[in-house]
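Asks: Before we start, here is the structure in question, set down as structure tokens.
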């Protein structure tokens, strides 16, 4: 065994008094002492006697025997093995006083505690007679410690077994419908008061079992509830789909102008649909009104998507000219839908045009401000010089037309001829002037001025 002596072995005792060693980390048990494995095989010689009381030597590792004393014979190891064997036999003698069917709960302590009790019980036993008095006392103390430890482990195993049995019984009772998640602790104590496994347990262990079972029942209840709700939601989704399909069919056949109709204007007709009664069974999700407006919105989105592909100009701002110029794009639409597309296109066009005008106006205004805040232009009237100076500025590039830039510059030249202020100064009566001192300071910091 690899590194066996480095592992946490502990000495244990069996029901018949034999000692063994248990490894807590690996869960391995063995009869031989791990310490013995440190001794090389060639030194494991024991001094023995045969039936005629003749001494011979036996190797416990190789199973060899010989009459002559081996050169590697270790007196200390031989004596230690003799004491171990003596101790082993002494333990077996003491354990013979322990009942085989031991109940560690009712028989918590060994029957033998003192040397007087030991001598009285085993006074004629040769295993006691050959053991010196000092070693008797030591062996007795060690045996009592190991026996108590064994009983503690037996008690743990018995309690664990009883907890498992009680837990299994409660689960069987839950399957039979005798208990459920609403069962109280007091009810459990009455039901199990005569159960032998229940009576073995302390209240702490009983509460632990009860808690474990209730946790399992709650998990099962939650799972059942979630499964039921999932099925309910699935059925509700099916009913919504059926109603949505029926409503679309109704609106198509009735040829109603869905784009301009409120739900309440046709509510009575919708409620007359057979699928509406099924939808009314739903406890969550979209209502009939929600579904109606969803259909209306989807129609509007579809029409808006078609309208975005249509480009118009100033000559197509009348309905008649619009429809005559876009017959292909409007093919298959009703008059109400064509009108919706027309209004959407016209609104987009006008909005875009207004935004363009606003952008152009702001760009022109920003360029004029740039001219006014550029000190190099204070005495300049040549547009080419201004263009060379400002061609990398955002405000200058924002105005697309060079002709417009020149036009704005000529306006600046006229304004500059009657300038009555220094850069950054606010003129109260000048409506197109604002305080740009902070901008001027930023330009100075960046080195642009």
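Numbering (the UniProt record's numbering), first residue to last: 1 to 449. Even glycine gets a Cβ: it sits at the ideal position worked out from N, Cα and C.
(1) For the region 151-227, which segments carrying the alpha helix (DSSP H) assignment without a break, of at least 4 residues, lie completely within its bounds, in sequence order?
(2) Any idea if residue 374 is buried or exposed, counting beta-carbon neighbours within 10 angstroms, 16 or more meaning buried?
(3) What are the boundary residues of the alpha helix (DSSP H) that residue 21 is part of?
(4) Between which two residues does the beta strand (DSSP E) containing residue 418 stretch?
(5) Which value, in whole angstroms, describes the spacing of the CA atoms of residue 418 and residue 383?
(6) Please list, in chain order, all residues of the same chain as residue 275 whose beta carbon is under 7 Å from its beta carbon, the five residues on each side excluded.
(7) Rounded to the nearest angstrom, what separates residue 162 and residue 171 at their Cα positions?
(8) How about residue 221 and residue 181: are their beta carbons less than 8 Å apart?
(9) Can residue 152 and residue 201 be called in contact, C-beta distance under 8 Å?
(10) Cβ of residue 409 within 8 Å of Cβ of residue 349?
(11) Would you mind reading off the limits of the beta strand (DSSP E) that contains residue 312?
(12) Let me know the beta strand (DSSP E) ranges lying completely inside the region 48-133, each 3 residues or longer, listed in chain order.
(13) Look up residue 46 in the DSSP assignment and give the residues it is bridged to.
(14) Cβ of residue 293 within 8 Å of Cβ of residue 263?
(15) What's the gap between the Cα of residue 386 and the Cα of residue 341?
(16) Less than 8 Å between the CB atoms is what I'm expecting for residue 74 and residue 24, so what's the real figure, rounded?
(17) Can the beta-carbon of residue 140 be found less than 8 Å from the beta-carbon of residue 12?
(18) Do the region 330-347 and the region 295-312 make contact, defined as three or more Cβ pairs closer than 8 Å?
(19) Go through its chain and collect everything with a Cβ distance to residue 291's Cβ below 7 Å, but skip five positions before and after it.
(20) Could you give the DSSP three-state label for residue 31: helix, strand or coil?
(21) Hey, residue 236 and residue 197: beta-carbon distance below 8 Å or not?
(22) Pull up the DSSP beta-bridge partners for residue 11, would you.
(23) Residue 283 lies in the alpha helix (DSSP H); which residues open and close that run?
(24) Residue 60 and residue 46: beta carbons closer than 8 Å?
(25) Can you tell me which of the three DSSP states residue 388 falls into?
(26) Which one of 65, 35, 206 and 399 has the shortest CA to CA distance from residue 467?
(27) Tell me whether residue 353 sits in a helix, a strand or coil according to DSSP, three-state version.
(28) Going by beta carbon distance, what residues of the same chain come within less than 8 Å of residue 78, once the five residues before and after it are set aside?
(29) Buried or exposed for residue 326, please, with buried defined as at least 16 other CB atoms from any protein chain shown within 10 angstroms of its CB.
(30) Apply the 10 Å Cβ neighbour rule to residue 10 and answer buried if 16 or more other Cβ atoms are within range, or exposed otherwise.
(31) Is there contact here, the region 356-372 with the region 392-400, by at least three beta-carbon pairs under 8 Å?
(32) Where in the region 254-297 do unbroken runs of the alpha helix (DSSP H), each at least 4 residues long, occur, reported from the N-terminal end onward?
Replies: Result, derived from the coordinates:
(1) 185-191 and 196-200
(2) buried
(3) Premise fails: residue 21 lies in the beta strand (DSSP E), 19-23, not in any alpha helix (DSSP H).
(4) Per DSSP, residue 418 belongs to no beta strand (DSSP E) and is neither H nor E.
(5) 18 Å
(6) 242, 243 and 246
(7) Residue 162 and residue 171 have their C-alpha atoms some 14 Å from each other.
(8) Going by C-beta atoms, residue 221 is nearer than 8 Å to residue 181.
(9) no
(10) Not a contact, by the Cβ cut-off of 8 Å.
(11) That residue, residue 312, is in no beta strand (DSSP E); it is neither H nor E in DSSP.
(12) Correct list: 55-59.
(13) 58
(14) yes
(15) 47 Å
(16) In fact, because the Cβ distance is near 31 Å, the residues do not count as touching under 8 Å.
(17) no
(18) yes
(19) 240, 243, 244 and 247
(20) coil
(21) no
(22) 21
(23) From DSSP, residue 283 is part of no alpha helix (DSSP H); its letter is neither H nor E.
(24) yes
(25) helix
(26) Outside the modelled stretch of the chain, which goes from 1 to 449, sits residue 467, for which no answer is possible.
(27) For residue 353, the three-state secondary structure derived from DSSP is helix.
(28) 45, 46 and 47
(29) Under the 10 Å beta carbon count, residue 326 is surrounded by 16 or more other beta carbons and is classified as buried.
(30) Looking at its Cβ environment, which holds fewer than 16 other Cβ atoms inside 10 Å, residue 10 is exposed.
(31) Contact between the region 356-372 and the region 392-400 is present, because at least three Cβ pairs lie under 8 Å.
(32) 267-271 and 274-279
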